[in-house]
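Residue numbers (my numbering): 6 to 641. Positions of the beta carbon are idealized from the N, C-alpha and C atoms, including for glycine. Data block below; observations after.
What follows is the structure in C-alpha cells.
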C-alpha cells in the first residue's frame with residue numbers, strides 16, 4: 006500500500022462488510038433478522054472470542070466444532086466465523102455472538118454447537134436458553150449487549166475494536182478507520198501540531214503515575230539526536246491486571262499505528278514493543294500485525310510516500326515485574342539485566358541506548374489514533390478536569406461480573422462495583438477495593454462514592470496504576486491482603502538498592518509476625534517508619550510505592566491490626582495461626598463425617614454423640630467445616 010487512495014479503497018469495501026457488526030443493534034431493533042442489505046458476501050457473522058480467558062476455557066475447540074457443523078450443513082459460504090479479541094465479560098466464557106441479531110451466547114459448550122447451527126443459523130430461531138440471561142427479553146426481541154448492566158455505563162475508546170474485529174486481519178482494522186490517523190498526520194500535520202493535539206487532549210499515561218503524554222513527547226522532540234526511539238511498555242505485571250494484554254490480543258494494529266504517529270511527532274525511526282513472554286497469544290498477533298503492516302507499506306521506508314521511515318521490533322520480557330519501570334525496561338531491551346537507572350537524566354534525553362526515547366504503555370497508545378481523528382476537545386470532553394478520557398480496569402475479586410471495563414474518568418467505585426460489576430456475590434458486604442496492584446492501596450467503603458481519577462485516588466492513599474481493580478468482601482483479612490502484595494514485591498525487587506531489597510523484607514517479616522499472633526503494638530510504628538524510608542530512599546517506583554498497601558490498610562483498617570496483636574484474633578477468620586475450629590454440641594448429630602474427613606485425626610467422638618476437636622492436633626484446613634451438613638462446626 007503506497008498511497009492514501011489505496012488505503013481509502015480498502016476501507017470503503019471493508020467498512021461495508023463490517024456494517025453487519027457495527028450497525029446490527031440498530032438494524033435488529035428495526036425488526037429484521039436476516040442480514041443487512043449492504044452487499045455483504047455473508048448472511049451472518051459469528052464472532053468467537055479468541056482472547057486468553059476464553060481460549061483457556063476451550064474457545065478454540067468451540068470454533069473448530071462450529072466450522073465443522075457449518076461445513077456439514079453446507080453453510081461455510083453463507084456464515085462467516087471470526088476469531089476476535091476479548092469481549093470483556095471474562096466470567097462468561099467461552100463467548101460467541103451472532104450478527105446481525107447480536108445474539109450473545111455465553112458459557113458455550115461443544116455440545117451446544119449443533120443446536121445453535123440447526124436452530125439459529127439454519128432456521129433463524131435464536132436459541133434463547135443459551136443466551137446470556139440479561140439479553141433475554143420478554144417477548145421476541147433480544148436486549149442489545151450494550152444495554153446490559155456490564156456494558157451500559159461503559160464508553161469504549163481503547164477497547165473499541167476488541168471483540169468486534171479479527172485481530173489477525175489488517176483489512177478489518179482498516180475498515181474501522183485504522184491507519185487513517187497515521188495518514189492524516191503524515192500528509193497534513195507537522196510534528197509539533199501532533200504534539201499539541203495530544204497536549205490539548207489532556208491524555209495522561211495509563212500505566213502508572215499518570216504523567217501527561219503530550220509533555221513527554223514534547224521533551225523528547227526538543228532533544229536533538231541522530232537517532233530516537235519509541236517504546237511500548239506491554240510488560241503488564243500487576244496481579245489481576247490484563248488490560249494491555251486484551252488490547253494486544255484484540256486490536257494489535259492500534260498500537261503499531263500509535264507508535265508510528267509518536268515516532269513522527271518526536272523524530273524517531275525505530276520502535277520497540279517490550280511484551281511479556283507469558284502472553285503467547287499477544288506475541289503471536291503482534292508478530293502477524295507487524296508483518297502485515299510491513300507488507301502494506303504502513304511500517305518501514307517512505308510510509309505513504311512522505312519520506313517518513315518507521316519500523317517496529319518485538320522484545321520479549323523474562324517475567325521481571327521491575328521491568329515495568331521505564332529505565333529497567335530499556336536496560337532489558339539493550340540486552341542487560343533489567344535494573345532501574347538513576348534519574349535524571351530522564352529517558353526523553355538519554356533513554357534507550359542513551360538516545361532520546363519515549364515510553365508509553367499499551368492503553369495510552371490505544372487512545373492516540375482516536376484523538377487524532379476526533380480531535381483534542383472530543384477526548385477532553387470525557388472524564389474530569391485533571392483526568393481526561395476513559396480508563397480501562399480489570400475488574401476482579403469478590404464481584405459478580407469479572408472482566409474488562411472501560412469507563413469515563415470520574416465514575417465512582419460504587420458504580421463500577423454495584424452497577425457494572427453486578428455487586429458482591431452471596432449477599433456479602435463490600436469491604437474494600439484494591440487499585441494499582443502492588444503499588445496501590447486499598448479503598449474502604451467510606452470512599453465508595455469517590456469519583457475515580459488520578460488525583461482522588463492519590464488523596465485517599467491509593468493510585469490508578471495500570472488499572473487492576475480487586476474487590477474484597479467482609480470475609481477478607483486486610484492484614485493478610487497487605488502481606489500478599491508485599492510478598493509479591495519482595496519476590497520482584499531487583500535488589501539493586503538497599504531500601505527496597507532490605508526494607509521490603511523487614512516489613513514482610515513484621516506482617517508475618519502479626520498474622521502469626523506474635524506481633525506487638527510497637528511493630529505498627531516500625532512498619533510506618535520503614536515505609537517512609539522505602540518511599541524516600543528507593544531507586545525506582547517499585548520500592549517507592551511498595552509500602553502503599555500496608556500504609557492504606559493501616560490508615561483505614563488499623564482496628565484489624567490491633568485485633569491481631571492484642572486480641573490474637575483475625576476478625577475475618579483468614580489467618581490460620583489465629584483460628585480455631587469448634588463444634589457446637591447442640592447441633593452435632595454424631596454422624597462422624599467430620600472425623601472421617603479430618604486429615605490429622607483431630608476429631609473424636611462416638612456415633613450419634615457430639616464430637617470434639619483436639620486443638621493441638623488440628624491443622625486448621627477447614628475440611629470438617631466444609632463437609633458438615635448440619636452447620637455444627639464454626640471457626641473463631
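Check, Outcome
"Touching by the beta-carbon criterion (3+ pairs, under 8 Å), the stretch 104–124 and the stretch 370–378", "no"
"Classification of residue 109 by the beta-carbon crowding that lies within 10 angstroms, buried from 16 upward", "buried"
"Cβ-based burial, residue 139 [other Cβ within 10 Å; buried from 16]", "buried"
"Whether residue 243 touches residue 443 by CB criterion (8 Å)", "yes"
"Residue 160 and residue 387 closer than 8 Å at C-beta", "yes"
"Proximity of residue 418 and residue 438 at Cβ, strictly below 8 Å", "yes"
"Sequence-distant residues of its chain with Cβ nearer than 8 Å to residue 327 (five each side left out)", "333, 343, 344, 345, 497, 498, 499, 545 and 547"
"Extent of the continuous beta strand (DSSP E) to which residue 362 belongs", "362–366"
"Inter-residue Cα distance where the pair is residue 10 and residue 194", "18 Å"
"Euclidean distance between Cα positions of residue 721 and residue 467", "This structure cannot speak to residue 721, because the chain is shown only from 6 to 641."
"Reference residue 237, options 414, 365 and 588, closest by Cα", "365"
"Collapsed DSSP secondary structure at residue 716 in the structure displayed", "No statement about residue 716 is possible, as the shown extent of the chain runs from 6 to 641 and does not include it."
"Among 423, 200, 575 and 508, the one whose alpha carbon lies nearest that of residue 158", "423"
"Pairwise C-alpha distance: residue 223 and residue 410", "31 Å"
"Whether residue 464 touches residue 202 by CB criterion (8 Å)", "no"
"DSSP-derived helix/strand/coil call for residue 490", "helix"
"Delimiting residues of the alpha helix (DSSP H) encompassing residue 236", "That residue, residue 236, is in no alpha helix (DSSP H); its beta strand (DSSP E) goes 234–239."
"Per DSSP, the bridge partner or partners of residue 1", "The requested residue 1 is not part of the displayed model; the chain covers only 6 to 641."
"Per-residue burial, residue 306 [other beta carbons within 10 Å of its own, 16 or more giving buried]", "exposed"
"With 16 other Cβ atoms within 10 Å as the buried cut-off, status of residue 384", "buried"
"Proximity below 8 Å, CB of residue 624 to CB of residue 605", "yes"
"Whole-angstrom C-beta distance between residue 483 and residue 562, which should lie under 8 Å", "4 Å"
"Residue 505: first and last residue of the uninterrupted alpha helix (DSSP H) it sits in", "503–520"
"Length at least 4, wholly inside the stretch 150–230: the alpha helix (DSSP H) runs in chain order", "154–157, 175–180, 185–193, 196–206 and 218–227"
"DSSP state of residue 526 mapped onto helix, strand, coil", "helix"
"Residues that DSSP places opposite residue 412 in a beta bridge", "396"
"Continuous beta strand (DSSP E) stretch holding residue 639: start and end", "638–640"
"Three-state secondary structure assigned by DSSP to residue 38", "Per-residue confidence for residue 38 stands at a pLDDT of 37, beneath the threshold of 50, marking its modelled position as unreliable; the derived number appears in the next sentence. If DSSP states are grouped into helix, strand and coil, residue 38 belongs with coil."
"Distance between residue 577 and residue 337 (C-alpha atoms, nearest Å)", "42 Å"
"Strand pairing of residue 101, partner residues [DSSP]", "53 and 110"
"C-beta atoms of residue 281 and residue 212 nearer than 8 Å", "no"
"8 Å Cβ shell around residue 570 - same chain, five flanking residues per side excluded", "519, 524, 525, 526, 528 and 529"
"Coarse secondary structure for residue 387, derived from DSSP in three states", "coil"
"Within 8 Å, strictly: CB atoms of residue 67 and residue 113", "yes"
"Sequence-distant residues of its chain with Cβ nearer than 7 Å to residue 629 (five each side left out)", "586, 599, 602, 603, 608 and 638"
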